[in-house]
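Numbered per the numbering used here, the sequence shown spans residues 5 to 312. All C-beta atoms, glycine included, are put in the ideal place defined by N, C-alpha and C.
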Amino acid sequence: MILEGGAVVPGSCGELVQGTSGGTNFLVSCPVNWYSRVTVRLGASQDDHYPKKRSKTYLAIRKMLDLYGYSGHGVIIDVTSSLPVGKGMASSTADLAAGCFAAAAAMKITPDLNEIAAIALAIEPSDATFFPGIALFDHVRGMLYQDLGKAVPLGIIALDFGGVVDTLAFNNRGDLPSRNSSNESKTRQALELVKAGIARKDPVLLGRGATLSALTNQGILHKPRLEELIDFAMSHGAYGVNVAHSGTVAGVLVPPGRESDTFLVKSIAKHFPALRACYPLRLVGGGPRYTGMIHRRDGEYSEAPAWG
Numbered sequence: 005m006i007l008e009g010g011a012v013v014p015g016s017c018g019e020l021v022q023g024t025s026g027g028t029n030f031l032v033s034c035p036v037n038w039y040s041r042v043t044v045r046l047g048a049s050q051d052d053h054y055p056k057k058r059s060k061t062y063l064a065i066r067k068m069l070d071l072y073g074y075s076g077h078g079v080i081i082d083v084t085s086s087l088p089v090g091k092g093m094a095s096s097t098a099d100l101a102a103g104c105f106a107a108a109a110a111m112k113i114t115p116d117l118n119e120i121a122a123i124a125l126a127i128e129p130s131d132a133t134f135f136p137g138i139a140l141f142d143h144v145r146g147m148l149y150q151d152l153g154k155a156v157p158l159g160i161i162a163l164d165f166g167g168v169v170d171t172l173a174f175n176n177r178g179d180l181p182s183r184n185s186s187n188e189s190k191t192r193q194a195l196e197l198v199k200a201g202i203a204r205k206d207p208v209l210l211g212r213g214a215t216l217s218a219l220t221n222q223g224i225l226h227k228p229r230l231e232e233l234i235d236f237a238m239s240h241g242a243y244g245v246n247v248a249h250s251g252t253v254a255g256v257l258v259p260p261g262r263e264s265d266t267f268l269v270k271s272i273a274k275h276f277p278a279l280r281a282c283y284p285l286r287l288v289g290g291g292p293r294y295t296g297m298i299h300r301r302d303g304e305y306s307e308a309p310a311w312g
């Protein structure tokens, strides 16, 4: 008997806030409508088959199967994702989590999100896009989790200026704890603004908080011309700018629909010629979407086209 399940999980455009609180790491997720899709088939043979570049996803799925007594089953894994790697767009988290949800669907169980978090963190520091809504999460040890609420209607113009960041190497930096500690006061302010923005459905407050966190992170992972980008974005009607705190992308936060504003995108590209790619995205709630239960009419599940 062959058991099969599939799931999709969103990637991200960096984070809305990231730092430490009392020395404990945390981030506030920024899930977007760009997904990883994973299909898992169990029982076809005793052999395992998976894409060579998805060894982390395979490891997560095997951990999930072991946890629920399916250690003896062979697994066939298919992964479909065009999320850029090493940019801070949660490509690994989306793959790992979608794999776990797909395995759970194949086993016909309702997965425990804490178990999925533990599996992901046992492999590497992870984003929080597998939690529903917008989440606050300790992305290194899993010591904190808070559901902050539903996604605020928000367009995001994701900007890639090139380069990659290794997540493990970044989080193992010896100076990271002290630098995060010195930023805690500003990080706390940023978090309170974002929390208020989500609670009040106020993108202006959310944008202010995200921008403050982006600027605060400059001493940890510098983004060239970030201050200039913020001034440019705000002068063109944006709510603010967020960044991948341990990645390379930045996001211009705009009213829904303006992420596809060709004039605005061309203006950004002209003013910042170092731009390598640009993606029109929307802020969405995190968590899995299961195969057979996906509705495309609302535009939430889609592959994001790129400019440039």
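Asked, Found
"Where residue 19 falls: helix, strand or coil (DSSP)", "strand"
"For residue 208, the nearest candidate out of 220, 179, 238 (CA to CA)", "238"
"Classification of residue 77 by the beta-carbon crowding that lies within 10 angstroms, buried from 16 upward", "buried"
"Sequence-distant residues of the same chain with beta carbon closer than 8 Å to residue 234, five excluded per side", "215, 218, 219, 244, 245"
"Pairwise C-alpha distance: residue 286 and residue 128", "26 Å"
"Integer Cβ distance of residue 102 from residue 42, believed to fall under 8 Å", "4 Å"
"Beta-carbon gap between residue 12 and residue 134 smaller than 8 Å", "no"
"Beta carbon of residue 110 nearer than 8 Å to that of residue 40", "no"
"Element boundaries [alpha helix (DSSP H), containing residue 6]", "That residue, residue 6, is in no alpha helix (DSSP H); it is neither H nor E in DSSP."
"Beta-bridge partners of residue 284, as assigned by DSSP", "161"
"Three-way DSSP call (helix, strand, coil) for residue 139 in this model", "strand"
"Length of the line joining the Cα atoms of residue 19 and residue 221", "11 Å"
"DSSP beta-bridge partners of residue 30", "23"
"Three-state class that DSSP yields for residue 133 in the structure shown", "coil"
"Buried versus exposed call for residue 227 [16 or more other C-beta atoms within 10 Å across all chains shown]", "buried"
"Whole-angstrom distance between residue 119 and residue 160, CA atom to CA atom", "31 Å"
"Assigned exposure category for residue 141 - 16 Cβ within 10 Å defines buried", "buried"
"Assigned exposure category for residue 301 - 16 Cβ within 10 Å defines buried", "Its pLDDT being 30, under 50, residue 301 is placed unreliably in this model, and the value from its coordinates should be taken loosely. Flag for residue 301 reads exposed."
"Secondary structure, alpha helix (DSSP H): runs of 4+ residues fully inside the region 41-84", "59-71"
"Assigned secondary structure, residue 152 (DSSP; H/G/I helix, E/B strand, else coil)", "strand"
"Inter-residue Cα distance where the pair is residue 306 and residue 38", "Annotation note: pLDDT 42 at residue 306 (below 50); position unreliable, no value reported."
"Same chain, Cβ closer than 6 Å to residue 292, neighbours up to 5 away in sequence not counted", "11, 13, 105"
"Reduced DSSP secondary structure (H/G/I, E/B, other) of residue 256", "strand"
"Beta-carbon proximity list for residue 317, same chain, < 7 Å, skipping 5 on both sides", "It is not possible to answer for residue 317, since the shown part of the chain is limited to 5 through 312."
"Nearest candidate by alpha-carbon position, reference residue 122, set 107, 81, 100, 163", "100"
"Residues near residue 7 by beta carbon distance below 6 Å, same chain, minus five either side", "46, 47, 110"
"Residue range of the unbroken beta strand (DSSP E) whose run includes residue 246", "244-247"
"Inter-residue Cα distance where the pair is residue 171 and residue 64", "17 Å"
"The alpha helix (DSSP H) enclosing residue 199, as first and last residue numbers", "188-204"
"Cross-strand partners of residue 293 (DSSP beta bridge)", "12"
"Proximity below 8 Å, CB of residue 114 to CB of residue 83", "no"
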